[in-house]
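Participant: Under this note's numbering, residues 26 to 399 are what the sequence shown spells out, in order.
Even for Gly, the Cβ is constructed at its ideal location relative to N, Cα and C.
I have a structure here, written as structure tokens, and I will follow up with some questions on it.
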Amino acid sequence: MANNKNCDRISNLPDSLLCHILSFLETKETLATSTLSTRWKPLWTLVTNLDFVDECEWWSSSDEEHSPNQHQDQTDQWNKCYRFAQIISKVWDLRHANPLKQFRLYWRCRCDPIHVYKWLRATIVCHLEELDLNIYPNLAFNLPTNLFNYCKTLVVLKLGGNIVLNPPSSSSSLGFPSLKILHLHSVNYANHDSFLILLSFCPILQDLSMETNCLCCTSNFDPPIFHNLAFLDFGVGPGEWQQAFLANGATIGKWNVLPLLLQRAPNLEVLVFDMEKRNCSNVSNKKSSASTLEWLFEEVPICLSLHLTAFHIKGYKGSKDELELVKYILEWARVLKTMTVSFCSLNLEKKFRAFQEISMLPKQSTTCKIAFTD
């Protein structure tokens with residue numbers, strides 16, 4: 026009986042099952058299991074996901090002014106960042122190029138691009154399926170060119186921070202033939218056609234999340250057709266909303282993106298229009314041109330009339346232009362099931378007014394439910 030109580034049944038499980046269990050832990054916790062016994066010592070190197078998040082805090086000039094021990098605080102921060110980089114490099118050395126499915130790196134404070142470049146080059150040869158990179162080096166970080174050449178197994182790509190996207194010219198040998206999810210937040214683009222080239226690399230894309238604030242597009246923006254795209258999250262940066270609604274239908278290059286993406290995504294089911302990143306206190310309530318959405322959407326997108334089932338507008342402030350967009354969606358979305366309106370710092374009176382205005386709008390879909398959230 027005593028032997029049964031002391032029996033280590035977990036350690037007797039096969040490597041594949043133990044590695045699957047370890048994959049649900051953070052990488053630092055996975056590393057700690059190597060000290061349990063000889064049986065566990067090599068197992069962490071076989072886990073197919075690595076997840077690193079720095080624990081350093083942002084350090085600004087204002088912090089220096091108010092810190093009584095600014096020199097010591099800065100030194101501590103540098104030491105933390107140095108140890109963070111050393112741990113990741115050591116992990117790579119000990120894994121011996123074992124297969125890796127997921128690599129997540131969040132490095133905000135004192136990010137060293139040289140280390141990041143080295144780690145990314147190492148991931149490329151590991152048949153990577155998911156890359157989540159959110160970094161803030163002092164100088165903009167250019168993704169390695171071979172990332173576009175050899176990541177044929179990549180299914181999920183999430184990029185954020187001080188990153189510059191500069192994909193090489195389109196070619197049949199380049200791209201992400203397996204990519205289904207692409208999230209781009211606060212990234213920069215090297216050229217006017219960089220975003221378009223990147224899209225052309227993703228023939229089976231299903232989920233696209235992007236922002237306009239760093240987007241540079243020419244008037245001849247012509248994305249490919251995405252038959253599989255079902256989810257689109259379109260983020261609006263500070264000042265961008267007003268630019269979209271200049272009087273007389275003036276052409277704004279980056280605002281060609283949204284209507285064209287909708288036209289090229291005939292099977293889109295979910296559309297998120299995210300205005301939370303703009304300056305909510307600086308939203309114009311001036312009435313826009315009557316033809317604003319007529320020029321923005323020269324024709325009703327197929328997805329809007331046949332497939333769109335959910336629409337979510339975030340950061341709603343109650344302006345005339347916002348109301349016009351909501352009205353347009355309700356007017357043409359025949360199979361819409363849910364519309365969610367998330368307010369942007371509105372007082373109770375303005376929320377009630379917005380609720381009344383939207384609730385009174387005619388709906389093409391008889392099954393559409395409208396929800397209001399903060």
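Looking at the structure shown, is Pro-248 part of a helix, part of a strand, or coil, going by DSSP?
Facilitator: As a first step, residue 248 is located in the sequence shown; it is residue number 223 there, counting from the start. Coil at Pro-248, not helix or strand.
Participant: Just mark Pro-193 as buried or exposed, buried being the case when its beta carbon has 16 or more other beta carbons within 10 Å.
Facilitator: What you label residue 193 is simply residue 168 of the sequence shown in a count that begins at 1. With fewer than 16 other Cβ atoms within 10 Å, it is exposed.
Participant: Give every residue of the same chain whose Cβ lies closer than 8 Å to the Cβ of Ile-327, excluding the five residues on either side of it in the sequence, and list them in chain order.
Facilitator: To locate residue 327, count along the sequence shown from 1; it is residue 302. Counting only Cβ-Cβ distances below 8 Å, and skipping sequence neighbours, we find Gln-288 and Pro-291.
Participant: Do you know whose CA, among Thr-170, Ile-139 and Lys-177, lies nearest Tyr-161's CA?
Facilitator: Your numbering for residue 161 matches position 136 in the sequence shown. The candidate whose alpha carbon is nearest that of Tyr-161 is Ile-139.
Participant: Which residues share a DSSP beta bridge with Val-295?
Facilitator: Numbered from its first residue, the sequence shown carries residue 295 at position 270. Per DSSP, Phe-256 and Ala-335.
Participant: In chain order, which beta strand (DSSP E) runs of at least 3 residues are fully inside the stretch 148-179?
Facilitator: If we require 3 residues or more, the beta strand (DSSP E) runs fully inside the stretch 148-179 come out as 155-162.
Participant: Does the stretch 353-367 come close enough to the stretch 323-337 that 3 or more CB-CB pairs lie under 8 Å?
Facilitator: The answer is yes - the stretch 353-367 touches the stretch 323-337, with three or more Cβ pairs under 8 Å.
Participant: Mind checking who Phe-397 pairs with in its DSSP beta bridge?
Facilitator: Stepping through the sequence shown from its first residue, residue 397 is reached at position 372. The partner list for Phe-397 (beta bridge, DSSP) reads Val-366.
Participant: Please determine, among Val-360, Arg-378 and Val-325, the residue with the shortest C-alpha to C-alpha distance to Lys-345.
Facilitator: Here residue 345 is taken as the residue at index 320 of the sequence shown, counted from 1. The residue with the shortest Cα to Cα distance from Lys-345 is Arg-378.
Participant: When DSSP labels each residue in this structure, what does Cys-227 get in the three-state scheme?
Facilitator: As a working note, residue 227 is residue 202 in the sequence shown. Note: Cys-227 maps to coil in three-state DSSP.
Participant: When the Cα of Asp-324 is compared with those of Leu-285, Leu-355 and Met-235, which residue comes out closest?
Facilitator: Taking the first residue of the sequence shown as 1, we reach residue 324 at position 299. The amino acid at residue 324 is misidentified as Asp; the sequence shows Glu. Here the closest residue by C-alpha is Leu-285.
Participant: Could you give the DSSP three-state label for Leu-42: helix, strand or coil?
Facilitator: Looking up residue 42 in the sequence shown gives position 17. Of the three classes helix, strand and coil, the one that applies to Leu-42 here is helix, per DSSP.
Participant: CA-CA distance, Glu-374 and Leu-156?
Facilitator: As a working note, residue 374 is residue 349 in the sequence shown. As a working note, residue 156 is residue 131 in the sequence shown. Answer to the nearest angstrom: the Cα atoms are 44 Å apart.
Participant: Buried or exposed, going by whether 16 or more other CB atoms sit within 10 Å of the CB of Ala-110?
Facilitator: Start at 1 with the first residue of the sequence shown, and residue 110 comes out as number 85. When all chains shown are included, Ala-110 counts as buried.
Participant: What does DSSP give as the partner residue(s) for Glu-236 in the beta ladder?
Facilitator: Within the sequence shown, numbered from 1, the residue matching residue 236 stands at position 211. Gly-260, per the DSSP bridge assignment.
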